[in-house]
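Sequence lines, in order, name chains D and V.
Quick note on the working numbering: the first sequence kicks off at 1 and runs consecutively.
Quick note on the working numbering: the second sequence kicks off at 1001 and runs consecutively.
Each residue gets a CB set at the ideal place from its N, CA and C atoms; glycine is no exception.
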Amino acid sequence: ILNVEQSPQSLHVQEGDSTNFTCSFPSSNFYALHWYRWETAKSPEALFVMTLNGDEKKKGRISATLNTKEGYSYLYIKGSQPEDSATYLCAFKDFNKFYFGSGTKLNVKP
Amino acid sequence: KAGVTQTPRYLIKTRGQQVTLSCSPISGHRSVSWYQQTPGQGLQFLFEYFSETQRNKGNFPGRFSGRQFSNSRSEMNVSTLELGDSALYLCASSLGAAQNEQFFGPGTRLTVL
């Protein structure tokens, strides 16, 4: 069974704090690593698709890095805002299918 | 452009019945994947259809099946429902390659009594 692990499971931060989460995945048979934001009562929304070792992607205050050789990806949020409160999911893709982590639930207090 | 739509949004069934869920992808997307989310579990991959063919399959029993039509719309069928099938079922559409984003629908909440 292929394991994708995310840590921490949950995080409570104050508005303005910067934070980061980790996604660990197998270092073999790597095709892509996807990050999603999932807000309550909404659909998961794609944040980044990462395919190359050393990839760095940025969208506004959110950025992500990828290390396929050691099997991890970091997601960073700079200056967290209450609207960043959501569950952040990563998904590892091998040749066949996606394997999702259980997510990191972020709560940003005003 | 219109997003991914799923029908119905909510469904209540009893054990032993069967159910069919529908997913309409974004126009031009040929890949549709189905996922199950149960309390305490992450998203579990059910299967993926691409150009009317099942391309990949997750580790679910044969009671779970699907198909895709020529317009890329997909249906998922669960026969002989069990209590444990109560879950949120999400579909996602994409262009089909590993580096393409997946766009998720709002999901169908299935409750089995």
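Classify residue 1066 of chain V as buried or exposed, calling it buried when 16 or more other Cβ atoms lie within 10 Å of its own Cβ.
buried
Should residue 1105 of chain V go down as buried or exposed, given a rule of 16 or more other Cβ atoms within 10 Å for buried?
buried
Among D:37, D:3 and D:26, which residue has its Cα nearest to the Cα of residue 1101 of chain V?
D:37
By the 9 Å beta-carbon criterion, what residues does the stretch 1054-1072 of chain V contribute toward chain D?
1055, 1056, 1057, 1058 and 1059
Burial state of residue 1012 of chain V, where buried means 16 or more other Cβ atoms lie within 10 Å
exposed
Whole angstroms are fine: how far does the CA of residue 1021 of chain V sit from the CA of residue 1108 of chain V?
7 Å
Measure from the alpha carbon of residue 1046 of chain V to the alpha carbon of each residue in V:1056, V:1023 and V:1039, then state which is nearest.
V:1056
Range covered by the beta strand (DSSP E) that runs through residue 72 of chain D:
72-77
State yes or no: is the beta carbon of residue 65 of chain D nearer than 8 Å to at least one beta carbon in chain V?
no
I'd like to know whether the C-beta atoms of residue 1009 of chain V and residue 1112 of chain V end up nearer to each other than 8 Å.
no
Do the stretch 1064-1083 of chain V and the stretch 78-96 of chain D meet, that is, are 3 or more Cβ pairs less than 8 Å apart?
no
Does the distance between the C-beta of residue 1032 of chain V and the nearest non-hydrogen atom of the ligand ZN fall short of 7 Å?
Annotation note on the ligand ZN: not contained in the displayed structure, which lists no ligands.
What is the rounded straight-line gap between the Cα of residue 7 of chain D and the Cα of residue 61 of chain D?
20 Å
What distance in whole Å lies between the Cβ atoms of residue 1052 of chain V and residue 1031 of chain V, which are believed to be in contact at a cut-off of 8 Å?
Between residue 1052 of chain V and residue 1031 of chain V the Cβ distance is about 11 Å, and since that is not below 8 Å, they are no contact.
Under a CB-based cut-off of 8 Å, is residue 1050 of chain V close to chain D?
no
Are the CB atoms of residue 16 of chain D and residue 80 of chain D within a distance shorter than 8 Å?
yes
Who are the Cβ neighbours of residue 59 of chain D in its own chain at under 8 Å, not counting the five residues just before and after it?
47 and 48
In the DSSP output, which residue or residues are listed as bridge partners for residue 1071 of chain V?
Its beta-bridge partners do not exist; DSSP assigns none.
Spatial neighbours of residue 63 of chain D within its chain, please: CB distance less than 8 Å, with the 5 preceding and 5 following residues excluded, ordered by chain position.
56, 57, 75, 76 and 78
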